[in-house]
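Protein chains: 2
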Amino acid sequence: MTDDLLSAIDRDSYEPAYAQLVRILTRQIAAGLFRPGDLLPSEAQLCDRYGVSPMTVRRVINILADQGVVIAKQGRGTFVKPLELGTATFDLGTLLQLLKEESNSKVKFLEARITPATKRTAGKLAITSGDRTVFIRRLIYHNEQPVLLHREHVIYDPSRPIIEAEMEVTALRGLFSGGSKSGLKRGELAIDVTVLTAEEAILLQTSVGAPAFRLEHIFCDYDDRPVSWGWFICAGEHLRFTASIGVYE
Amino acid sequence: MTDDLLSAIDRDSYEPAYAQLVRILTRQIAAGLFRPGDLLPSEAQLCDRYGVSPMTVRRVINILADQGVVIAKQGRGTFVKPLELGTATFDLGTLLQLLKEESNSKVKFLEARITPATKRTAGKLAITSGDRTVFIRRLIYHNEQPVLLHREHVIYDPSRPIIEAEMEVTALRGLFSGGSKSGLKRGELAIDVTVLTAEEAILLQTSVGAPAFRLEHIFCDYDDRPVSWGWFICAGEHLRFTASIGVYE
DNA sequence: ATTGACGACTTCCCTATATAATTGTACAAT
DNA sequence: ATTGTACAATTATATAGGGAAGTCGTCAAT
Numbered sequence: 437m438t439d440d441l442l443s444a445i446d447r448d449s450y451e452p453a454y455a456q457l458v459r460i461l462t463r464q465i466a467a468g469l470f471r472p473g474d475l476l477p478s479e480a481q482l483c484d485r486y487g488v489s490p491m492t493v494r495r496v497i498n499i500l501a502d503q504g505v506v507i508a509k510q511g512r513g514t515f516v517k518p519l520e521l522g523t524a525t526f527d528l529g530t531l532l533q534l535l536k537e538e539s540n541s542k543v544k545f546l547e548a549r550i551t552p553a554t555k556r557t558a559g560k561l562a563i564t565s566g567d568r569t570v571f572i573r574r575l576i577y578h579n580e581q582p583v584l585l586h587r588e589h590v591i592y593d594p595s596r597p598i599i600e601a602e603m604e605v606t607a608l609r610g611l612f613s614g615g616s617k618s619g620l621k622r623g624e625l626a627i628d629v630t631v632l633t634a635e636e637a638i639l640l641q642t643s644v645g646a647p648a649f650r651l652e653h654i655f656c657d658y659d660d661r662p663v664s665w666g667w668f669i670c671a672g673e674h675l676r677f678t679a680s681i682g683v684y685e
Numbered sequence: 437m438t439d440d441l442l443s444a445i446d447r448d449s450y451e452p453a454y455a456q457l458v459r460i461l462t463r464q465i466a467a468g469l470f471r472p473g474d475l476l477p478s479e480a481q482l483c484d485r486y487g488v489s490p491m492t493v494r495r496v497i498n499i500l501a502d503q504g505v506v507i508a509k510q511g512r513g514t515f516v517k518p519l520e521l522g523t524a525t526f527d528l529g530t531l532l533q534l535l536k537e538e539s540n541s542k543v544k545f546l547e548a549r550i551t552p553a554t555k556r557t558a559g560k561l562a563i564t565s566g567d568r569t570v571f572i573r574r575l576i577y578h579n580e581q582p583v584l585l586h587r588e589h590v591i592y593d594p595s596r597p598i599i600e601a602e603m604e605v606t607a608l609r610g611l612f613s614g615g616s617k618s619g620l621k622r623g624e625l626a627i628d629v630t631v632l633t634a635e636e637a638i639l640l641q642t643s644v645g646a647p648a649f650r651l652e653h654i655f656c657d658y659d660d661r662p663v664s665w666g667w668f669i670c671a672g673e674h675l676r677f678t679a680s681i682g683v684y685e
């Protein structure tokens, strides 16, 4: 208790004042000193209490607010937010970490050929059915073990000089680390569940019917035209998305 | 072009200056005026260009930076970030939206009984095997159709007054909207894939072996002790996680 | 009892200014 | 060639304060 009350900004620290105050308030909330629904001290009070300027306190409140820890209501005060499932966010960090370590991972090209677009592919890429696309299949290994199967359709259009660069980017390495000259503007991702087909099971060296993630992606260029559509298949045993909600000290 | 160059802060607008500038810069980036890797105008230049104070520009840069659109490097400048898969974040918004509309969704209690903890449950809840827990099974309907199956183990310990409140919170409604008096501090979530067992398939009125999401959760109280462990099962056909990366105007 | 005006308090937005920290360059000294 | 120094440009942090806008209670007028 007294520890929390005695906590103060250390002016000699390399840690900026605002960061220290974020830490202090977060810890106080985590310790239960302020519970969900409680009113935090007003900004003026925090200024006096910690000897910082209003702008600094505002900055701290803003940070806590878009961390989702508190919510500030004009004219009323700043309140501690309760635990909400909806605030949980999952990312691809775990998936990508596997592949970041170059040494342990490698990519095997299975196939790359030019083929007319099916109706479905044409729909996804906003082209007309029968237009030519480059179809690519890759197998990504981690520790000598196949983990990801990647299928992708890339628009084949010699009139677009972008294409060449796309192929680079789509070379996975670029996709993950983000090549600077990509010419890609945005992408849409979606996660589905599926069960492995016979072909997929063989490639991924596991059993048919096993549950798997399917990560679909579409990338668009600066004219908002789709350039590539594809998806990764990953057996469930190799992947898990995790998230945390609430306050962590 | 000229449109982008002529764009200015409207002082009479209700939209704050910082928000307007975020919008302006975002649109310029989305339009390809600044490409990945490019250097943005310096903060001083932006001040002159748009007639705002340095603090306001700093706020704008900060917002863009933690949106992942740009990255500011001290002493060098602010750069436009390339597209990176790792920045994609998925949330439970779609899942929860289904259940927010009270009218279309209802919860059916299947079971709630006190039972000794198995080894696995004890491990998850950090109690000793054989301790009593409350086991709960629920079925969540949306539009008269079963969508989610929920299983949960809650610690049964009369000496903890929290328990009573937990039961409230765990009453789903509270879980989603976040009861203010929850007494819960934090939670861990994980998404797995699985295939439906016979029992699950019957309850969810779909077929055995169908792929499904499994959303596991553990909630802890203010002493960091686990209070409840459980998971939702959702057939894949009803759920899809989506995310976007890149710049949206 | 209801309404309306006022004031106290709060968060929100913005300006103006100053100082520190980091980086890169140019140039002189070694 | 390498090193060191000085300088300019940049972002990062912080101070001090003012006005706008929202909320809530008080108190007088109706």
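If you're matching them up, the sequences are chains A and B in order.
Following this note's numbering, the numbering of the first sequence begins with 437 at its first residue and continues without gaps.
Following this note's numbering, the numbering of the second sequence begins with 437 at its first residue and continues without gaps.
Where a beta carbon is used, it is the ideal one built from N, C-alpha and C, also for glycine.
Using the beta-carbon of each residue, which ones in chain B are nearer than 7 angstroms to residue i?
i: Y658 (chain A); result: G468
Tell me, please, whether the CB atom of residue i is closer than 8 angstroms to any CB atom in chain A?
i: T678 (chain B); result: yes
i: A404 (chain B); result: Residue 404 (chain B) lies beyond the stretch modelled for chain B, which goes from 437 to 685, so this question has no answer here.
i: A455 (chain B); result: no
i: G529 (chain B); result: yes
i: A648 (chain B); result: yes
i: L521 (chain B); result: yes
i: S449 (chain B); result: no
Cβ of residue i within 8 angstroms of Cβ of residue j?
i: V488 (chain A); j: I445 (chain A); result: yes
i: P477 (chain B); j: A562 (chain B); result: no
i: D527 (chain B); j: R676 (chain A); result: no
i: R650 (chain A); j: T630 (chain A); result: yes
i: V458 (chain A); j: I499 (chain A); result: yes
i: E547 (chain B); j: G666 (chain B); result: no
i: A648 (chain A); j: T678 (chain B); result: no
i: G513 (chain B); j: L475 (chain B); result: yes
i: R471 (chain A); j: V516 (chain A); result: yes
i: L521 (chain B); j: L532 (chain A); result: yes
i: K555 (chain B); j: S565 (chain B); result: yes
My understanding is that residue i touches residue j, with C-beta atoms under 8 angstroms, so please give their C-beta distance in whole angstroms.
i: F668 (chain B); j: L575 (chain B); result: Contact flag wrong, Cβ pair sits at about 11 angstroms.
i: V583 (chain A); j: S664 (chain A); result: Actually they do not touch by this definition, with Cβ atoms about 21 angstroms apart.
i: G619 (chain A); j: D657 (chain A); result: 6 angstroms
i: Y592 (chain A); j: R573 (chain A); result: In fact, because the Cβ distance is near 16 angstroms, the residues do not count as touching under 8 angstroms.
i: Y684 (chain A); j: A455 (chain A); result: Going by Cβ atoms, the distance from Y684 (chain A) to A455 (chain A) rounds to 15 angstroms, so no, they are not a contact pair.
i: G623 (chain B); j: S680 (chain A); result: 7 angstroms
i: I497 (chain B); j: A508 (chain B); result: 6 angstroms
i: I638 (chain B); j: K560 (chain B); result: I638 (chain B) to K560 (chain B), Cβ: 26 angstroms. No contact.
i: G672 (chain A); j: A646 (chain A); result: 7 angstroms
i: T530 (chain A); j: G504 (chain A); result: Not quite, the Cβ-Cβ distance comes to about 21 angstroms (not below 8 angstroms), so this is no contact.
Run down chain B in chain order and give the residues with a C-beta less than 8 angstroms from the C-beta of residue i.
i: G388 (chain A); result: The structure shown does not extend to residue 388 (chain A), since chain A is modelled only from 437 through 685, so no value can be given for it.
What does residue i reach in chain B if we use C-beta pairs closer than 9 angstroms?
i: R568 (chain A); result: None at all; the shortest Cβ gap to chain B is about 25 angstroms.
Using a Cβ cut-off of 8 angstroms (strictly closer), state whether residue i contacts chain B.
i: G513 (chain A); result: no
i: A637 (chain A); result: no
i: L532 (chain A); result: yes
Output, in chain order, the set of chain A residues within a Cβ distance shorter than 7 angstroms of residue i.
i: V683 (chain B); result: K621 and R622
i: D628 (chain B); result: G672 and R676
i: L693 (chain B); result: Only positions 437 to 685 of chain B appear in this structure, which leaves residue 693 (chain B) out of reach.
What residues of chain A sit near residue i, judged by a beta carbon separation below 9 angstroms?
i: D446 (chain B); result: Result: empty, since nearest Cβ-Cβ is about 21 angstroms, beyond 9 angstroms.
i: L625 (chain B); result: L521, A524, F526, F677, T678, A679, S680 and I681
Could you tell me if the beta carbon of residue i falls within a distance shorter than 7 angstroms of some heavy atom in the ligand NAD?
i: W665 (chain B); result: In terms of ligand content, the structure shown is empty, and the ligand NAD therefore cannot be addressed.
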